[in-house]
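Novice: Chains as they are written, first to last, in my numbering: chain Y, 95 to 379; chain F, 697 to 1012.
If you scroll down you'll find the structure; I have some questions about it.
Dropping the structure here:
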């Protein structure tokens, strides 16, 4: 019985989401990107590290659909393989950050008083250290690898989500329906998970979808200082950084990975907006 | 009938920047099974706080509460859980007291889920039965509160309160947020339920015409204190306290030839923060005299009729 009810809830969510054409477009693009990332070795026409010194900075041609970079590596292949690291960095890091942030923010906001004070002062200290510096330090301690870069990125972007969540929870926690839940014996955990969090997620969803893009770019910075993805493994952020140097002569080198980042951010954003509206039963979309 | 609820010298103070706010200050009353106690008073007199304190949604500062003969002033966790199955609350505003993201059946089922005694199927059946009891059609099962009108939402609130089969319900102005036409429906529903289930109500309101209609006893509160208490008929027939008199004179009478003399109160309500020991109504009372600045005690002027005014005999 419960299963069917859960299913019907998901179905209902899908039905509402479906009506938002932009959100569906976002979902399709995102799924495509994920499929590309998973099937990357099959899709890439060349090896991402294969150099061709004769074809340095080659223009687009039937051989190299998007041209080549300085070392004559096929740009399309690098973009396709790069989707793996970049998408992981964007999504997993944000997922880590949002989960911890929501937990801290919800706890601080709901309980208030000294719990709130401790959490917030801790975040103050945390935020007084420049985020990138902290991120680099953390990644350096953990050792250079994609996985550690993701962890470092995730942990460093917690404060933003925590603060936003706390502010959002503060507007919800004094509502009468929270008291009404207490009157029927709901415990704090239940109230937070079932009533407070669902009702204060709306601004978080937008922030989370925006966070994907900034994490991809911040990840490229880690790669740039040698702490993230190790060359020659491609990654969009690093490719943008490399392309920037030859922006005037070969603008496409920075443009294409830039478009990829933009596309993933846009897709997440549209989907996030759609989800936020679909999750709110008050909106008839 | 046995006494169900007894409240002795109950106090609830709140700490504010200016000092202690005496929201509820030494309230005494008892309520029998299946009876209704109406609690009236103007906004901010502590009537809602009183209800919430009895239910332990707020912790009492001082005093004792007895329920079914047991002292429940400081219940432990498990005792509190058990207690909430016996005493429930219906909230004032059905717009804010329901989670906007929970469907009607989810909202009604929540107390049962937390209680965890019934199987899934039994809970669904029980929810349907409760919806039927409060007059909600089953087709509203999967609708959300915002899609319903105020009366239907309040029915959800009532179904939630009933789901744990309590003996006592605090009704915190359950109809004041509703249209007049719907008020009557909800009041009648509550009276029917009282008859069927033998519920005791503490009916908090500022609507005097409703309170007369449904209450057995009426308690009039002013700034956290009880100023007068009597059976409903007696209170309206033989009003003693000057505040009650002013309050009752404000009831509109649907008769254009009836020229009632409204007693207009002047001045502001005395601050509830660190109040003076004397009568709190003194500043606005036209009968105020010197002895009013002394501590007022409740006097029984006729059997079951209590009044807290030292001059009630002089002011007929």
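Think of the CB as a built atom: it goes at the ideal place given N, C-alpha and C, for glycine as much as any other residue.
1. Per DSSP, residue 969 of chain F forms a beta bridge with which residues?
2. What does the alpha-carbon distance come out to for the pair residue 95 of chain Y and residue 833 of chain F?
3. Decide if the region 916-935 of chain F is in contact with the region 999-1012 of chain F; the criterion is three or more beta carbon pairs, one per stretch, under 8 Å apart.
4. Run through chain Y and tell me which residues come within less than 8 Å of residue 739 of chain F, C-beta to C-beta.
5. Which class does residue 959 of chain F belong to by DSSP, given the choice of helix, strand or coil?
6. Residues of chain F with a CB under 7 Å from the CB of residue 269 of chain Y: which are they?
7. Which value, in whole angstroms, describes the spacing of the CA atoms of residue 379 of chain Y and residue 849 of chain F?
8. Taking a cut of 9 Å between CB atoms, which residues from the region 254-283 of chain Y lie near chain F?
9. I'd like to know if the region 939-948 of chain F and the region 748-766 of chain F are in contact, where contact means that at least 3 CB-CB pairs between them fall below 8 Å.
10. Taking only three categories from DSSP, how would you classify residue 896 of chain F?
11. DSSP state of residue 1001 of chain F, grouped into three classes?
12. Which bits of chain Y does residue 932 of chain F rub up against, with CB to CB less than 7 Å?
13. Within the same chain, show all residues whose beta-carbon is closer than 7 Å to that of residue 738 of chain F, passing over the 5 residues directly before and after it, in chain order.
14. Answer with buried or exposed for residue 158 of chain Y, where buried requires no fewer than 16 other C-beta atoms within 10 angstroms of its C-beta.
15. Using a 10 Å radius around the Cβ and a threshold of 16 neighbouring Cβ atoms, would you call residue 345 of chain Y buried or exposed?
16. Could you tell me whether the Cβ atoms of residue 705 of chain F and residue 758 of chain F are closer together than 8 Å?
17. For residue 766 of chain F, is the classification buried or exposed, using 16 other Cβ atoms within 10 angstroms of its Cβ as the cut-off for buried?
18. When the cut-off is 8 Å and only beta carbons count, does residue 777 of chain F lie next to chain Y?
19. Taking residue 809 of chain F as part of the alpha helix (DSSP H), name the residues at either end of that continuous run.
20. Once DSSP output is grouped into helix, strand and coil, what is the label at residue 702 of chain F?
21. Report the residue from F/787, F/798, F/984 whose alpha carbon sits nearest the alpha carbon of residue 900 of chain F.
22. Mind pulling the chain Y residues with CB within less than 8 Å of residue 807 of chain F?
23. Between residue 796 of chain F and chain Y, is any beta-carbon pair separated by less than 8 Å?
24. What residue from F/715, F/719, F/709 has the CA that sits closest to residue 917 of chain F's CA?
25. Under the rule that 16 or more other beta-carbon atoms within 10 Å means buried, what is residue 755 of chain F, buried or exposed?
26. Tell me whether the beta-carbon of residue 119 of chain Y lies closer than 8 Å to the beta-carbon of residue 174 of chain Y.
27. Looking only at its own chain, which residues have a Cβ that is under 7 Å from the Cβ of residue 302 of chain Y, when we skip the five neighbours before and after it?
Specialist: In short:
1. Beta bridge pairing from DSSP links residue 969 of chain F with F/717.
2. Unreliable positioning characterises residue 95 of chain Y in this predicted model, as indicated by a pLDDT of 41, which lies under 50. The coordinate reading is nonetheless provided below. If I take the Cα positions, the gap works out to 21 Å.
3. Judged by Cβ distances under 8 Å, the region 916-935 of chain F makes contact with the region 999-1012 of chain F, as three or more pairs qualify.
4. Going along chain Y, no residue has its Cβ under 8 Å from residue 739 of chain F, so there is no contact; the nearest lies around 16 Å.
5. If DSSP states are grouped into helix, strand and coil, residue 959 of chain F belongs with coil.
6. Neighbours of residue 269 of chain Y on chain F, chain order: 792.
7. No answer about residue 379 of chain Y holds up, because its pLDDT of 46 lies below 50 and its placement is not dependable.
8. If the cut-off is 9 Å between Cβ atoms, the region 254-283 of chain Y has 269, 270, 271, 272, 273, 274, 275, 276, 277, 278, 279, 280, 281 near chain F.
9. Taking a contact to require three or more Cβ pairs closer than 8 Å, the region 939-948 of chain F and the region 748-766 of chain F do not qualify as touching.
10. Of the three classes helix, strand and coil, the one that applies to residue 896 of chain F here is strand, per DSSP.
11. Residue state, collapsed to three classes: strand.
12. Proximity of chain Y to residue 932 of chain F at the Cβ level (cut-off 7 Å) is not reached, the minimal Cβ distance being about 32 Å.
13. Closer than 7 Å at the Cβ level, and outside the excluded window around residue 738 of chain F, lie 902.
14. Buried: at least 16 other Cβ atoms inside 10 Å.
15. Exposed.
16. Contact annotation: residue 705 of chain F and residue 758 of chain F have beta-carbon atoms nearer than 8 Å.
17. Result: exposed.
18. The Cβ of residue 777 of chain F sits closer than 8 Å to at least one Cβ of chain Y.
19. Looking at the DSSP string, the run of the alpha helix (DSSP H) that includes residue 809 of chain F is 800-811.
20. In the structure shown, residue 702 of chain F adopts extended strand secondary structure according to DSSP, grouped into three states.
21. Comparing Cα positions, the closest option is F/787.
22. Close partners of residue 807 of chain F in chain Y (Cβ separation under 8 Å): 278, 279.
23. Judged by the 8 Å Cβ criterion, residue 796 of chain F is in contact with chain Y.
24. Its Cα nearest to that of residue 917 of chain F, the residue F/719 stands out among F/715, F/719, F/709.
25. Classification for residue 755 of chain F: exposed.
26. Cβ atoms of residue 119 of chain Y and residue 174 of chain Y: not closer than 8 Å.
27. Counting only Cβ-Cβ distances below 7 Å, and skipping sequence neighbours, we find 188, 192, 366.
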